[in-house]
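Reviewing the structure listed below.
Residue numbers (our numbering): 45 to 624.
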């Protein structure tokens, strides 16, 4: 009898491996919102080769899990419905029930800190937060996590928009969702997955990054660094830095308060390069890939600050790369609306500004013509000189919503500020035409238009006189330029005074008609070759640094590598100086 019981226990334990309860990723959960009028994708795991039945509002579908227990199916969502319903998943006699599932419009919100920026960070929103009661607006907040390889799930839950939940909502995403809810009168669901201070490349898969020369160099560099990563050596170095920091902190505390200044920064715990936030593809693996395939209307994106720097791969290459990568992963040509960077830093007073900020803003504008089903909210009138995180997220969210209302929901409205269309030389002036003018162009304050610049063949920029001469045309001229060849508008990180708007009060986008002063990547072949050589040198220097860290200081090999590294660094410095 004991033997029989033992055999039974062993058999039952073995069956535990064969029969698994049906499960779903965390974003298929109570209070979720399904995209209306679509066959929505549902997926999860069950026992290997088991039948799985998914049922929702009288509709059901049955499929069979594969040998690994994975399954995927679709089910009709039907029309928008603000009354919560049950969605069930049945397999091996077990039922998994999701409660209070709504049907409406679903959007994916991503980017860096300005998308992550939460409602509770703005004192002016305190009263709104206290009075908020929008049970049909729901948000899934993804946590900040990294991953070396693409993940299939991520923690989190759907919440209803109430005073106790909205403080942690993305402010941009909330105002976007609220505007849609007010106009459409149906449930709105938003999946927010954002992380501050990160470049566009980390939200893009490494496979996609490998198809573009500039981003491939970034991937190759991090892969090389990852291969040379020594966890034990890194931990030893960290412990040394930690002791140095503790000593520095004690010394800082010993000083009189008036003399202290900033406290020493605590060293961070070492991570392998492929598991470090911000590295190419890392946040795609952890915070984008899990959601790939979730049926939705589109995505909203607020990012770019992390790419507005000299040497960055042009944003009108990297953003379309990411958009197309996501659309491929979702197998859906969904709408994609993004926010152009706001005005920031102290205003400039001279024309001919050579700054990566307006260059990136203009490259964002160019994405509109290169990538279908995209839109751009222009916000160069609501930024803050001293804060890269402007508090006015209300207008940002609503300007994004204008694009969606017009393009996705067929609302007849003006949904963008003026965008450059074309230019023509007329005598000593340039006539610039715009689209998205509403009933006509005008200045915001009724005064003369400002922040237009004009240049001739000498490439010397001068402030210009600018006047609206037709509902969609501005004449730009300067007595200092008799034969103009190029014009710019709002070309500065903070173009204070830029006042061209359309009749609906939406501001015009920065633009330029030249291709001079490209601070992202050089335009001539010699300089381009210099850039590629410098990138290769940087990778080699990092590789030598990793090799040297494994050696005994003072050894012949250590000295040889040190000398080689020093020579490469001198060469890198010389090449950097020569490109200026």
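For every residue, glycine included, the Cβ atom is placed at its ideal position computed from N, Cα and C.
With distance defined between alpha-carbon atoms, name the residue in 545, 471, 559 and 554 nearest to residue 526. Nearest of 545, 471, 559 and 554 to residue 526, Cα basis: 471.
Using alpha carbons as the reference points, say which of 198, 181, 183 and 182 lies closest to residue 189. 198
Pull up the CB-CB distance for residue 395 and residue 225, whole angstroms please, since I reckon it's below 8 Å. About 44 Å; that fails the 8 Å criterion.
If the criterion is Cβ atoms closer than 8 Å, does the pair residue 260 and residue 253 meet it? Yes; because the gap between Cβ atoms is below 8 Å, this pair is in contact.
What residues match up with residue 420 in a beta bridge as DSSP calls it? The partner list for residue 420 (beta bridge, DSSP) reads 382.
Any idea if residue 497 is buried or exposed, counting beta-carbon neighbours within 10 angstroms, 16 or more meaning buried? buried
If the criterion is Cβ atoms closer than 8 Å, does the pair residue 327 and residue 255 meet it? no
Between the alpha carbons of residue 163 and residue 194, how many angstroms are there, rounded? 30 Å
Leaving out the 5 sequence neighbours to the left and right, which residues in its chain are closer than 7 Å to residue 432 when beta-carbon positions are compared? 349 and 388
Shortest alpha-carbon distance to residue 473 belongs to which of 518, 449 and 503? 518
According to DSSP, residues forming a beta bridge with residue 611: Beta-bridge pairing links residue 611 to no other residue.
Residue 183: first and last residue of the uninterrupted alpha helix (DSSP H) it sits in: No alpha helix (DSSP H) holds residue 183; the beta strand (DSSP E) holding it covers 178 to 185.
Inter-residue spacing [alpha-carbon to alpha-carbon] between residue 271 and residue 318: Approximately 9 Å between the Cα atoms of the pair.
Please state if the CB of residue 549 and the CB of residue 515 are separated by a distance shorter than 8 Å. The Cβ atoms of residue 515 and residue 549 do not sit closer than 8 Å to each other.
Give the C-beta separation of residue 340 and residue 150 to the nearest angstrom, bearing in mind that I take them to be a contact with Cβ-Cβ under 8 Å. 4 Å
If you draw a straight line from the C-alpha of residue 376 to the C-alpha of residue 491, how long is it? 46 Å
Note down, one range per segment and in chain order, each beta strand (DSSP E) of at least 3 residues found wholly within the region 330 to 413. 342 to 346 and 379 to 383
Secondary structure of residue 532, DSSP reduced to three states: strand
Mind checking who residue 551 pairs with in its DSSP beta bridge? 545
Going by Cα to Cα distance, which pick from 529, 160, 478 and 227 is closest to residue 210? The shortest CA-to-CA distance from residue 210 to any of 529, 160, 478 and 227 is the one to 160.
To the nearest angstrom, how far is the alpha carbon of residue 342 from that of residue 378? When rounded, the distance between both Cα atoms is 5 Å.
Note the first and the last residue of the continuous beta strand (DSSP E) segment covering residue 144. 138 to 155
For residue 360 and residue 537, which I take to be in contact (beta-carbon distance under 8 Å), what is that distance rounded to the nearest angstrom? Between residue 537 and residue 360 the Cβ distance is about 18 Å, and since that is not below 8 Å, they are no contact.
For residue 200 and residue 450, I'd like the C-alpha separation in whole angstroms. 32 Å
Is it buried or exposed for residue 383, if we count other Cβ within 10 angstroms and need 16 for buried? buried
Coil, strand or helix - residue 524 by DSSP: coil
Do three or more CB pairs link the region 539 to 549 to the region 447 to 465 at distances below 8 Å? yes
If I measure Cβ to Cβ from residue 412 and keep anything under 8 Å in the same chain, skipping five residues before and after, which residues do I get? Correct list, in chain order: 418, 419, 420 and 463.
Closest Cα partner of residue 179 within the set 126, 249 and 104: 126
Beta strand (DSSP E) containing residue 83: first to last residue? 83 to 89
Which parts of the region 185 to 253 are runs of the beta strand (DSSP E), unbroken and 3 residues or longer, counting only runs that do not cross its ends? Runs found: 202 to 205 and 232 to 238.
Endpoints, alpha helix (DSSP H) assigned at residue 438: Per DSSP, the unbroken alpha helix (DSSP H) holding residue 438 starts and ends at 438 to 451.
Closest residue to residue 251 among 84, 372 and 116 (Cα-Cα distance): 372
Short check: CB of residue 510 to CB of residue 520, under 8 Å? yes
Which one of 121, 441, 123 and 95 has the shortest CA to CA distance from residue 111? 95
How many angstroms separate the CA atom of residue 196 from the CA atom of residue 425? 40 Å
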